[in-house]
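Visitor: Protein chains in written order, with our numbering: chain A, 3 to 435; chain B, 81 to 515.
Glycine is no exception: its CB is placed at the ideal position from the N, C-alpha and C atoms.
Take this structure, written in structure tokens, and hold onto it; I'll ask about it next.
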Amino acid sequence: MADLTTNFIGIKSPNPFWLASAPPTDKAYNVERAYEAGWGGVVWKTLGSEGPPVVNVSGPRYGAIWGADRRLLGLNNIELITDRPLQVNLDEIKMVKRKWRDRALVISLMVPCDEDSWKDILSRIEDTEADGVELNFGCPHGMAERGMGSAVGQVPEYIEMVTRWVKKHSRMPCIVKLTPNISDIRKPAEAAHRGGADAVSLINTINSITSVNLDSFSPEPMIDGKGTHGGYCGPAVKPIALNMVAEIARNPVTRGLPISGIGGVTTWRDAAEFMALGAGNVQVCTAAMTYGFKVVQEMISGLSQYMDEKGMNATADLVGRAVPNVTDWQFLNLNYVTKAKINQDDCIKCGRCYAACEDTSHQAIAMSADRTFTVKDDECVACNLCVNVCPVENCITMVELPKGTLDERTGRKVADYANWTTHPNNPAVAAAE
Amino acid sequence: MSNSPLTPGVVAHRLAPAAYSQNFSDVQPVFDRHEARVAADRCYFCHDAPCMTACPTTIDIPLFIRQIATGTPEAAAKTIFSQNILGGMCARVCPTEQLCEEVCVREVAEGKPVEIGRLQRFATDTLMATGVHPFVRAAATGKKVAVVGAGPAGLACAHRLAMKGHEVMIFERRAKAGGLNEYGIATYKTPNDFAAREVAWLLQIGGITVKTGVELGRDITLAGLEADYDAVFLGIGLAGVNALRAAGEDLDGVRNAVDFIAELRQSDKAAVAIGRDVVVIGGGMTAVDAAVQSKLLGAQNVTMVYRRGKEKMSASEYEQDHATQSGVRIIYGAAPIRVLGTGKAEAVEFAYTVDGPKGLEMSSETFTLKADQVFKAIGQTLLAAPIAQDGAKLVTQAGKVWAGGDCAAGGEDLTVTAVAEGRDAAEAIHATLMA
Ligand SMILES: Cc1cc2nc3c(=O)[nH]c(=O)nc-3n(C[C@H](O)[C@H](O)[C@H](O)COP(=O)(O)OP(=O)(O)OC[C@H]3O[C@@H](n4cnc5c(N)ncnc54)[C@H](O)[C@@H]3O)c2cc1C
Ligand SMILES: Cc1cc2nc3c(=O)[nH]c(=O)nc-3n(C[C@H](O)[C@H](O)[C@H](O)COP(=O)(O)O)c2cc1C
Ligand code: SF4
Ligand code: SF4
Ligand code: SF4
């Protein structure tokens with residue numbers, strides 16, 4: 003059996019599945035039940051400074067989008083950081099950590115952007131024996147307006163400054179949680195790195211409006227006729243999160259900086275994908291909020307089965323395996339030629355590939371009177387659209403043309419690797435000549 | 081309850097009162113909104129969809145299912161009704177397992193089709209529940225058309241003609257409009273007076289007058305209609321029934337299944353007299369419906385006897401299963417020799433058949449079934465031919481007279497086919513009148 007234990011910046015946990023800082027980690031009751039269910043660690047719901055706690059709305063705070071059979075695909079929230087008194091949280095954290103020594107417990111923090119506030123909160127949490135801190139520079143709503151959360155996360159200089167303060171006033175490992183509401187995710191990661199962060203975690207939620215009520219003309223979730231942007235998470239955000247994780251993992255400036263991958267992790271497979279792109283562990287929120295704590299059991303069994311099948315002994319064997327294969331478009335092999343091929347035994351003759359290719363692609367699929375669909379190799383540009391719209395998995399596959407064979411569409415033989423940087427149509431190449 | 085399934089003879093009230101309403105309510109549970117959206121989501125929105133080709137009225141099935149999936153069942157209903165104004169009835173009675181659902185790519189791929197019929201029911205019920213009729217008439221053309229028979233063919237024809245702006249007069253010999261929707265289809269396929277409600281809803285288009293109790297050949301003549309109207313449509317169905325040609329056919333207790341069903345459809349079910357041992361002879365939908373409904377009325381033993389093998393039976397596999405699940409016993413490959421009894425039926429003697437080179441023959445192997453009631457369901461025929469025939473049916477057009485539905489040549493004898501033929505005849509009449 004593969005060994006799922008992880009050591010993330012010195013914090014050990016029996017598996018790489020942590021609960022992200024959010025309602026599932028809001029109190030001892032939840033966290034203990036999560037540990038009982040098998041979660042390897044938690045990042046406690048974000049704490050603020052001493053003083054009267056924040057106030058949440060008393061109407062709906064979540065919105066959602068759904069797929070077939072009301073499967074929840076995306077969740078949005080306008081919740082703030084913890085609304086419970088600081089001391090209550092600290093007492094519970096201490097109690098839980100004492101009982102659950104083998105599990106990771108990280109405290110998420112968000113306080114005003116001045117050194118004293120950070121120094122103060124860090125001294126308050128020292129005594130809890132928590133394993134580390136996560137700086138919440140991510141929440142896109144409510145806190146940003148008060149100069150915290152993503153208001154800090156969107157300005158790399160602030161990230162660097164606050165991270166420095168934290169490293170100065172605390173011995174605890176420090177994770178900086180990044181907001182995706184920024185055009186280039188590498189900049190805040192680099193700033194965290196410069197500030198001395200031990201790791202980054204990403205993504206926090208994405209600014210969003212999930213839907214508009216077409217009767218009351220208010221955005222959802224609606225509070226007394228009005229709505230505001232909330233933070234989007236769940237399966238729908240995973241592709242965005244994967245890209246951001248990969249960008250940081252392959253950036254020479256931040257290469258090697260540990261990453262905790264977050265955003266839409268719902269199954270073991272999602273987790274494995276984040277890890278292959280460089281995440282040392284993953285954090286989960288929406289999947290737990292949708293299905294309860296028990297989902298982690300499938301994640302654990304699935305990941306260990308996969309690692310066994312791949313002959314991987316430890317999670318380190320998986321982490322970062324896909325990073326070298328993430329590249330820029332200009333380096334892709336323009337002489338890699340494939341053709342769509344339809345397996346007639348699997349085809350159920352729905353005609354979707356035909357409609358897609360005929361109406362919106364390259365008119366490369368023929369339809370016979372008896373509804374046999376075949377690809378015209380002399381028209382197929384290999385765009386993959388038919389593969390994506392076909393309801394039968396693996397019915398249409400992309401078959402690579404071996405080197406030297408004729409591509410009927412271009413009339414040219416398949417040649418050796420060559421990319422855009424040397425292509426004659428590239429103006430830069432022409433200029434250099 | 082004085083009687084029970086064991087009471088000898090042909091008697092009413094075999095069951096407790098509550099059992100009747102339960103037995104004759106909807107066979108197919110109706111989708112709720114969520115179920116409909118889940119079922120709709122299974123549709124692949126096929127290009128040039130096979131289901132659409134298989135539908136005799138060519139309803140744009142992928143489009144209406146997508147309209148349900150996006151939360152607009154009313155728009156879905158309009159898509160359905162624009163091709164098939166009796167889409168509500170068809171959703172209940174179409175043998176979908178032999179039509180659209182049989183060729184659905186998901187049936188072919190995984191043996192589980194998109195539930196087109198139930199989705200159609202959901203859409204049409206939703207719109208009809210609002211009471212809204214979704215079509216308006218074109219400007220009046222000043223043309224008048226007579227329609228004979230208010231069955232599915234006649235109603236579909238009349239509606240399309242009215243939509244085009246023509247004035248339509250329907251002559252129907254029965255007391256109610258609807259044809260076999262009202263007098264034939266199994267009760268549990270169309271409970272709560274749906275046939276009558278559908279006719280009333282359809283007539284909201286305006287421009288259609290229905291005269292009931294008027295019979296062509298008795299009260300009016302075709303020549304008279306041709307003189308008074310610009311065109312005539314005959315949708316008179318098959319009013320005759322095939323005879324058994326077996327001894328004892330005229331004993332008490334031996335009846336045509338269609339007459340039994342017509343009476344059943346119009347009656348309080350508890351008051352319908354039914355035998356303890358019922359034998360139904362035939363293998364079509366009529367036979368199945370007579371047998372199943374006998375069982376539902378409380379008959380103790382119901383046996384359907386069909387002269388050929390299972391695969392030759394015109395009732396679909398689904399219908400046959402429904403019969404056996406309802407407690408009907410089906411005997412294949414046997415034909416009646418005679419009905420036995422003095423004064424009234426007591427038993428039927430059958431011989432097993434052999435399907436040889438000379439066709440179907442009786443073997444010497446016989447058996448006898450106890451029977452206090454015998455229903456003959458061996459096919460309906462044209463009663464009279466007001467215009468020329470094409471084989472056993474009427475030609476579809478003769479001068480200014482058109483014909484469609486069961487009475488006319490072409491297509492299977494199904495509600496949906498009758499609707500398609502009535503609609504298409506209306507289009508042809510319209511094209512001719514406006515030329
Ligand atoms: C018991 C039974 C069950 C069936 N079940 C199904 C089913 O589940 N699904 C399915 O698709 N099909 C079913 N069918 C077949 C379906 O009912 C018919 O195909 C359909 O009704 C044909 O429509 P139509 O308009 O041609 O004829 P009909 O429905 O027979 O209508 C003809 C109308 O013309 C009237 N008429 C006849 N002669 C005259 C005249 N001389 N003057 C004036 N009016 C006249 C009749 O009274 C009747 O109202 C069933 C048939 C029967 C008998
Ligand atoms: C209701 C809700 C509240 C959240 N609150 C916090 C928070 O207090 N601090 C924080 O760092 N992230 C918060 N998040 C973001 C999550 O920790 C996580 O980054 C995000 O939901 C993406 O992961 P997921 O797709 O697994 O849900 C919250 C998310 C949700 C849904
Ligand atoms: S890969 Fe693209 S171009 Fe080729 S057949 Fe498929 S849809 Fe058409
Ligand atoms: S989309 Fe797939 S299943 Fe449908 S016709 Fe094309 S190849 Fe066949
Ligand atoms: S064949 Fe089936 S899947 Fe395709 S459009 Fe028709 S109902 Fe939908």
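(1) Buried or exposed for Q108(B), please, with buried defined as at least 16 other CB atoms from any protein chain shown within 10 angstroms of its CB.
(2) Should E181(B) go down as buried or exposed, given a rule of 16 or more other Cβ atoms within 10 Å for buried?
(3) Please state whether the Cβ-Cβ distance between E250(A) and L204(A) is less than 9 Å.
(4) Quick check: the Cα distance between H231(A) and D504(B), rounded to an integer number of angstroms?
(5) Beta carbon of V382(B): closer than 8 Å to some heavy atom of ligand 2?
(6) Within the present structure, is the beta-carbon of Y263(B) separated from the nearest heavy atom of ligand 5 by less than 8 Å?
(7) With 7 Å as the limit, tell me which residues of the region 343-355 of chain A have their beta carbon closer than that to any beta carbon of chain B; keep them in chain order.
(8) Please list, in chain order, the chain A residues whose beta carbon lies closer than 7 Å to that of D128(B).
(9) Mapping the DSSP letters down to three states, classify W102(A) as helix, strand or coil.
(10) Can you find a CB in chain B that lies within less than 9 Å of the CB of P393(A)?
(11) What are the complete alpha helix (DSSP H) segments, minimum 4 residues, inside the region 395-430 of chain B?
(12) If contact means a Cβ-Cβ distance below 9 Å, which residues of the region 52-83 of chain A contact chain C?
(13) Would you give the residue range spanned by the alpha helix (DSSP H) that R354(A) belongs to?
(14) Does the region 82-96 of chain A come close enough to the region 240-259 of chain A to have 3 or more Cβ pairs within less than 8 Å?
(15) Between V173(B) and ligand 4, is the CB less than 8 Å from at least one heavy atom?
(16) For A132(A), return the contacting residues in chain B, with the cut-off set at a CB-CB distance below 8 Å.
(17) Would you mind working out which of L449(B), F430(B), A99(B), A451(B) sits nearest S443(B), comparing C-alpha positions?
(18) Would you say the region 336-353 of chain B touches the region 363-381 of chain B, given that touching needs at least three Cβ pairs under 8 Å?
(19) My output table needs one value for S306(A): the three-state DSSP class, helix, strand or coil.
(20) Looking at G516(B): is its Cβ nearer than 9 Å to the Cβ of G258(B)?
(21) Roughly how many whole angstroms lie between the Cα atoms of Q332(A) and T424(A)?
(22) What span of residues does the alpha helix (DSSP H) with G304(B) cover, start to end?
(23) Would the C-beta of G2(A) count as close to ligand 2, meaning under 8 Å from any of its heavy atoms?
(24) Shorter than 9 Å from the beta carbon of F125(B) to some beta carbon of chain A?
(25) Hey, which unbroken runs of the alpha helix (DSSP H) at 4 residues or more fall wholly within the region 108-173 of chain A?
(26) Ligand 3 and S370(A): does any heavy atom of the ligand fall closer than 8 Å to the residue's C-beta?
(27) Count the other CB atoms, across all protein chains shown, that sit within 10 Å of the CB of Y398(B); report buried if there are 16 or more and exposed otherwise.
(28) Three-state secondary structure (DSSP) at A24(A)?
(29) My assumption, with CB atoms under 8 Å, is that I509(B) sits in contact with A483(B). Please give the rounded CB distance.
(30) Pick from A430(A), R188(A), A24(A): whose alpha carbon is nearest that of W46(A)?
(31) Strictly below 9 Å CB to CB, what residues from chain B border A2(A)?
(32) Using a threshold of 8 Å, is the CB atom of C235(A) nearer than that to any non-hydrogen atom of ligand 4?
(33) Going by Cα to Cα distance, which pick from E94(A), A30(A), A132(A), N421(A) is closest to L336(A)?
(34) Would you call the region 367-386 of chain A in contact with the region 350-358 of chain A, where contact means no fewer than 3 C-beta pairs closer than 8 Å?
(35) Applying a beta-carbon distance threshold of less than 9 Å, which residues of chain A neighbour D121(B)?
(36) Within 10 angstroms of the Cβ of R277(B), are there 16 or more other Cβ atoms? Answer buried if so, exposed if not.
Guide: Answer, in terms of the structure:
(1) In the second sequence, the residue the question calls residue 108(B) occupies position 28. Counting Cβ neighbours within 10 Å, Q108(B) comes out exposed, since fewer than 16 surround it.
(2) Taking the second sequence and counting its residues from 1, one reaches residue 181(B) at position 101. By the 10 Å Cβ count, E181(B) comes out buried.
(3) Working through the first sequence from its first residue, we reach residue 250(A) at position 248. Working through the first sequence from its first residue, we reach residue 204(A) at position 202. Before going on, a small fix: residue 250(A) reads as Ile here, not Glu. A contact, by the Cβ cut-off of 9 Å.
(4) Counting from 1 along the first sequence, the entry for residue 231(A) is found at position 229. Counting from 1 along the second sequence, the entry for residue 504(B) is found at position 424. Between H231(A) and D504(B), the C-alpha separation is close to 54 Å.
(5) Position 302 of the second sequence, counting from 1, holds the residue named residue 382(B). No, the Cβ of V382(B) stays beyond 8 Å of every heavy atom of ligand 2.
(6) Taking the second sequence and counting its residues from 1, the one referred to as residue 263(B) is at position 183. Checking the Cβ of Y263(B) against ligand 5 gives no.
(7) I350, K351, C352, G353, R354
(8) Taking the second sequence and counting its residues from 1, the one referred to as residue 128(B) is at position 48. By Cβ distance, chain A contributes G353.
(9) Residue 102(A) sits at position 100 when you count from the first residue of the first sequence. W102(A) falls in the coil class under three-state DSSP.
(10) As a first step, residue 393(A) is located in the first sequence; it is residue number 391 there, counting from the start. It does; some Cβ of chain B falls within 9 Å.
(11) 397-405
(12) Included in the structure are the protein chains A and B, with no chain C among them.
(13) As a working note, residue 354(A) is residue 352 in the first sequence. Run containing R354(A): 354-362, per the alpha helix (DSSP H) assignment.
(14) no
(15) Numbered from its first residue, the second sequence carries residue 173(B) at position 93. No - ligand 4 has no heavy atom lying nearer than 8 Å to the Cβ of V173(B).
(16) Here residue 132(A) is taken as the residue at index 130 of the first sequence, counted from 1. Simply none; closest approach about 44 Å.
(17) Against the second sequence, residue 443(B) aligns to sequence position 363. Minimum Cα distance to S443(B) is reached at F430(B).
(18) yes
(19) By one-based count along the first sequence, residue 306(A) stands at place 304. Residue state, collapsed to three classes: helix.
(20) With chain B running from 81 to 515 in the structure shown, residue 516(B) is simply not present.
(21) One-based indexing of the first sequence puts residue 332(A) at position 330. One-based indexing of the first sequence puts residue 424(A) at position 422. Distance between the alpha carbons of Q332(A) and T424(A): 9 Å.
(22) To locate residue 304(B), count along the second sequence from 1; it is residue 224. Here the alpha helix (DSSP H) through G304(B) covers 302-308.
(23) Residue 2(A) cannot be examined here, being either before or after the span of chain A that is shown, 3 to 435.
(24) If you number the second sequence from 1, residue 125(B) lands on position 45. So yes, F125(B) belongs to the interface.
(25) 117-128, 152-155, 158-171
(26) Mapped onto the first sequence, residue 370(A) falls at position 368. No, the beta carbon of S370(A) sits no closer than 8 Å to any heavy atom of ligand 3.
(27) Residue 398(B) sits at position 318 when you count from the first residue of the second sequence. Flag for Y398(B) reads exposed.
(28) Locating residue 24(A) in the first sequence gives position 22, where the first residue counts as 1. A24(A): coil per DSSP, three-state reduction.
(29) Numbered from its first residue, the second sequence carries residue 509(B) at position 429. Numbered from its first residue, the second sequence carries residue 483(B) at position 403. That pair is no contact at about 11 Å.
(30) For this step, residue 46(A) is matched to residue 44 along the first sequence. For W46(A), the nearest C-alpha among the options comes from A24(A).
(31) Residue 2(A) lies beyond the residue range present for chain A, which begins at 3 and ends at 435; the question has no answer from this structure.
(32) Residue mapping note: residue 235(A) aligns to position 233 of the first sequence, counting from 1. Not so, every heavy atom of ligand 4 lies at least 8 Å from the Cβ.
(33) Translated into positions along the first sequence, residue 336(A) becomes position 334. Taking only the C-alpha atoms, the option nearest L336(A) is N421(A).
(34) yes
(35) As a working mapping, residue 121(B) is identified with position 41 in the second sequence. By Cβ distance, chain A contributes G69, A70, D71.
(36) Translated into the one-based positions of the second sequence, residue 277(B) becomes position 197. That one is exposed.
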